[in-house]
Amino acid sequence: MDLLIARIVDGLNNGVIYGFLALALVCVYRGTKHLNLAQGEMAMFSAFIAYALYAVGLPVPVAVLGTVLVGFLAGGLVERVLIRPLGHHADYSILLVTIGLFLVLNAGAGVIWGGDPLPFPALVPSSPEDYIAFFGTRLRYQPLLVLGVLIVVMTALFVLFKYTRLGLAMRATASNPESARLLGIRVNRINSLGWMLAAGVGALVGALIAPSTTLTTGMMFNFLIYAAAAATLGGFDSPGGAVLAGILLGIAENIIGSYVWFVGTDLKQAVALVILLAVLMIRPTGMFGTKKVERV
Amino acid sequence: MSKRTPLVALAATLATLAIAGCGAAPGSTEGGSSSDNPAAAAAAQGLGIDLAACPGDVTTVFGPQEKVGLTLPLTGGPASAFATLGPGALAAFEQANATADLPTKFELVQKDDQFQPDKTLAAAQGLIQQDGVVGFSGVTGTANALAIRDLLKEDCIPALGLPAGGTVINDPAYPGIVQTTVPFTLDARVWVEDVNRRFPDGTGIATFIGNTESGKDYTADIAKWMERTGSKSRIVATESIEATDAAAPSSAITTMRNSGAQVLFAAPTGAQCVSMMTEMANQGWKPITYLTTNCASTAFFSAAGPAGEGVLTVQAFKDVNSPRFKNDPDVQAVRAAMEKYSPSADPDNTTAYGGFTYASVFLEAAREAAKSDLGLSRLGLIVAGRHLDFHPPMFIDGVDFTTDGLEDMVPVEAGELNPWSVAEGGFVQGTLYDFEGQLTD
């Protein structure tokens, strides 16, 4: 029983990261209907910026908040310089631009900070002795902090999207930008805000998980695959759905990888993709995604 | 006979002379097929090289200026880890050119392969066909070297000083490809021998191996040496990890911890070494841990902090950031060479020193070839590379680079098994394991 609980906790720790990054993907999608494949690399680059801020002597919490601010502004800059000129309907062009951004950020971080892994301090006590014993396993403070921050951010975004005029404007813009513009919504600003929110959330997740992954240019690559799967599974327009799907994905792949003999570690990633495929065949919009209704 | 016949004959004679002139380098005394060069034929035969299948100029002595190729990732994810090999190698070649101890000046041509074997093949083809390189001073990565070895064999082009640890590199069918880094089979042998020494009655071992070509080598070599040394220990848990997986390997550690293993053999990739050590400490699991030589650098262990305490790695190279070698005269000399001849080389980057060392193997082979009957030619380089015995300056004392034809194909067969000490901020000198001449199958 203790081992099962340990495996669930291990899966939960990973799932929270998948869900957090999925939330950033949802932010862009809800505001603009675009998929940002550079989301992981933006988070990675932000984590390096947090490291740089910490290295110049800022306290860790200030460095993390600082990189969230930098990420927020950088997201707006990316939208203004790279995305907006392509037009709202240039889906494939935008997808290609995000791939280019992925490559530039990855190579850029390597040039600036080198290839060696760098340590990044945790926001909470994180020595081997810092944990809460729980049915024979150890609940560590940093993953608990990540989970707590994720719940706060998800709730804030849920309230923003669901109960504010700004959220309504974002949903209207994503649904039909032309109609939204006719209604007086400043569509470009809303698009910018979507990118800024996503980049800010991404910066936060990058800085929060860096203590466990260590800072490297490849730290987010795998997470992005799982995050995209989680967002698809939960629904690209559902922040809560994406987070829940990320957590379930993390736990499921860990349990199946541990107890199904022919899966093991080698086929863990395939588990996520099989689950994704199965759900999409039954419910193409994801578990919590909104069905697209067209008037005919 | 037509009036034009003598002119045609003269033109044909001149053309023949011109072609012959192009084929033989200035001052060359070699050339042609094996039939008119018994020394070349004998040397080639000794390595199983079919000279008749090689291009005719394989025995031609190099001219005063030649190009040497190096493939490595200069863009893409792995570039940040490996691109620094280039400036280090450049320093070695420029230093050799400046000190004029070779009859040929070598120009190092670096080509990006993004660490992808298919791109390595394209880069190597470009280096051979367009740049006209006479050899390779490095092909980074085992899978990458495997991708081009048939191409190199076809053109009888040497590749000496490879930063590729795979056991498959040392294949008698490809004598022109010479490894330089610590081979994974040495890692595995040392680990197994050390466990046999500590636990004569055997113990439980967990393995945590990357799901890569290198990982396959490690798995096979561990099994091979456990069997051959009559080890009484047994593998009680086997966990693997994808090369791109950056998440803390908590699930794998949970499984291995639960297996009751007292020993861990670990060969993950890059930063995974750090997250593995950290996660083990977090879970309170403290087996005797042997970690891949790929992670035997201060950079990885510094990032791991206290979690790296006591973890063992096999080292053949001096770690320039370790207090033990910081003021080592050889390290200082290489640092000075890099600062003088390749200012873009980072003097604190261990990989840059690796690049210098890999290039030094090519250059040492070139020196030996120049002194031999074969002269400094492609065949001369291959033969010299397969019969080298020297101590590269960046190798730890007691570790040499030794090859002996097809009898001893593994150049680096000794290494120190050193534990990391947090208090020292570096690796503490441990036991030297020397398996000289024993690792070739």
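Protein chains in written order, with this note's numbering: chain A, 276 to 571; chain B, 62 to 502.
Even for Gly, the Cβ is constructed at its ideal location relative to N, Cα and C.
Residue 412 (chain B): which of B:401, B:355 and B:435 sits nearest, CA to CA?
Looking at the Cα atoms, B:355 is the closest of the given residues.
Let's see if you can read the secondary structure: which residues bound the alpha helix (DSSP H) around residue 368 (chain A)?
According to the DSSP assignment, residue 368 (chain A) belongs to the alpha helix (DSSP H) that extends over 366-388.
Partner residues on chain A for residue 313 (chain B), Cβ-Cβ distance less than 8 Å
Within 8 Å Cβ-Cβ: 540.
Going along the chain, which residues of the stretch 392-416 of chain A sit with their C-beta nearer than 7 Å to a C-beta in chain B?
Residues passing the 7 Å Cβ filter: 392, 393, 394, 403, 413 and 415.
When we look at the beta-carbon of residue 251 (chain B) and count the other beta-carbons within 10 Å, is it buried (16 or more) or exposed?
Buried is the call here.
Are any of the Cβ atoms in chain A nearer than 8 Å to that of residue 482 (chain B)?
For residue 482 (chain B), no Cβ of chain A is located within less than 8 Å of the residue's own Cβ.
Quick check: the Cα distance between residue 193 (chain B) and residue 375 (chain B), rounded to an integer number of angstroms?
In a straight line, the C-alpha of residue 193 (chain B) is about 38 Å away from that of residue 375 (chain B).
Check whether the Cβ atoms of residue 155 (chain B) and residue 126 (chain B) lie closer than 8 Å to each other.
No, these two residues do not count as a Cβ contact at 8 Å.
According to DSSP, is residue 154 (chain B) helix, strand or coil?
Here residue 154 (chain B) sits in helix by DSSP.
Relative to chain B, which residues along the stretch 313-337 of chain A have a C-beta separation below 8 Å, given in chain order?
Listed in chain order, the positions of the stretch 313-337 of chain A with a beta carbon within less than 8 Å of a beta carbon of chain B would be empty, since no residue qualifies.
Comparing alpha-carbon positions, which option in B:499, B:280, B:409 and B:243 lies nearest residue 327 (chain B)?
Comparing Cα positions, the closest option is B:280.
Going by CA-CA distance only, name the one from A:309, A:285 and A:541 that's closest to residue 359 (chain A).
For residue 359 (chain A), the closest of A:309, A:285 and A:541 by C-alpha to C-alpha distance is A:309.
Please work out which residues of its chain come closer than 7 Å, Cβ to Cβ, to residue 399 (chain A), disregarding the five sequence neighbours upstream and downstream, and give them in chain order.
Around residue 399 (chain A), the same chain offers 416, 417 and 420 as residues with beta carbons nearer than 7 Å, after the five sequence neighbours per side are excluded.
Please say whether residue 176 (chain B) and residue 131 (chain B) have beta carbons closer to each other than 8 Å?
Contact flag unset, no.
Just to check my reading of the structure: residue 415 (chain B) and residue 146 (chain B) have Cβ atoms closer than 8 Å, yes? What is that Cβ distance to the nearest angstrom?
Yes, they are in contact, since the Cβ atoms of residue 415 (chain B) and residue 146 (chain B) sit about 6 Å apart, within 8 Å.
Since residue 377 (chain A) and residue 313 (chain A) are thought to touch, with beta carbons under 8 Å apart, how far apart are those beta carbons, to the nearest angstrom?
Contact flag correct, Cβ pair sits at about 4 Å.
Would you kindly report the start and end of the unbroken alpha helix (DSSP H) that includes residue 432 (chain B)?
From DSSP, the alpha helix (DSSP H) with residue 432 (chain B) extends over 411-432.
Given residue 487 (chain A) as reference, the closest of B:309, B:294 and B:264 once Cα atoms are compared:
The residue among B:309, B:294 and B:264 with its C-alpha nearest the C-alpha of residue 487 (chain A) is B:309.
To the nearest angstrom, how far is the alpha carbon of residue 79 (chain B) from that of residue 191 (chain B)?
Residue placement at residue 79 (chain B) cannot be trusted, given a pLDDT of 41 that sits under 50; what the coordinates show is reported in the next sentence. The straight-line gap from Cα to Cα measures roughly 22 Å.
Buried or exposed: residue 367 (chain A), going by 16 or more other Cβ atoms within 10 Å of its Cβ?
Residue 367 (chain A) is classed as exposed because its beta carbon has fewer than 16 other beta carbons within 10 Å across all chains shown.
Would you tell me roughly how many angstroms separate the C-alpha atoms of residue 283 (chain B) and residue 212 (chain B), rounded to the nearest one?
Near 31 Å, if we compare the C-alpha coordinates of residue 212 (chain B) and residue 283 (chain B).
Residue 488 (chain A) lies in the alpha helix (DSSP H); which residues open and close that run?
First-last of the alpha helix (DSSP H) with residue 488 (chain A): 462-488.
Mind listing, in chain order, the continuous beta strand (DSSP E) runs of no fewer than 3 residues lying wholly within the stretch 352-393 of chain B?
You should have 373-376.
With 16 other CB atoms within 10 Å as the buried threshold, where does residue 291 (chain A) fall?
Residue 291 (chain A) should be labelled buried.
So for residue 177 (chain B), helix, strand or coil by DSSP?
Taken through DSSP and simplified to helix, strand or coil, residue 177 (chain B) comes out as coil.
Could you check whether residue 242 (chain B) and residue 226 (chain B) sit closer than 8 Å to each other, using their CB atoms as the reference points?
Yes. Within cutoff.
Would you mind reading off the limits of the alpha helix (DSSP H) that contains residue 425 (chain A)?
If you look at residue 425 (chain A), you'll find it in the alpha helix (DSSP H) that goes 416-438.
Short Cβ contact (8 Å threshold) for residue 481 (chain A) with residue 319 (chain A):
In this structure, residue 481 (chain A) lies near residue 319 (chain A), with their beta-carbon atoms less than 8 Å apart.
Could you tell me how far apart the beta carbons of residue 500 (chain B) and residue 477 (chain B) are, in whole angstroms, since I believe they sit closer than 8 Å?
Contact doesn't hold; Cβ gap of about 16 Å is too wide.
Work out the CA separation of residue 215 (chain B) and residue 114 (chain B) for me, nearest whole Å.
Note on geometry: alpha-carbon atoms of residue 114 (chain B) and residue 215 (chain B) lie some 8 Å from one another.
Spatial distance of residue 302 (chain A) from residue 302 (chain B) (CA atoms):
Distance between the alpha carbons of residue 302 (chain A) and residue 302 (chain B) is about 31 Å.
I'd like the list of long-range same chain contacts for residue 364 (chain B), defined as Cβ closer than 8 Å, with 5 residues on each side in sequence excluded.
For residue 364 (chain B), where only same-chain residues beyond five positions count, the Cβ hits under 8 Å are 332 and 335.
Measure from the C-beta of residue 440 (chain A) to each C-beta in chain B and report whether the shortest distance is under 8 Å.
With 8 Å as the cut-off, residue 440 (chain A) does not count as an interface residue toward chain B.
Rounded to the nearest angstrom, how far is the Cβ of residue 502 (chain A) from that of residue 300 (chain A), given a contact under 8 Å?
About 6 Å; that satisfies the 8 Å criterion.
Let me check understanding here. Comparing Cα to Cα, which of B:314, B:452 and B:460 lies closest to residue 267 (chain B)?
The candidate whose alpha carbon is nearest that of residue 267 (chain B) is B:314.
Local conformation of residue 70 (chain B) per DSSP, three classes
The pLDDT assigned to residue 70 (chain B) is 45, lower than 50, so where the model puts this residue is not dependable; a value taken from the coordinates is nonetheless given after this. If DSSP states are grouped into helix, strand and coil, residue 70 (chain B) belongs with the helices.
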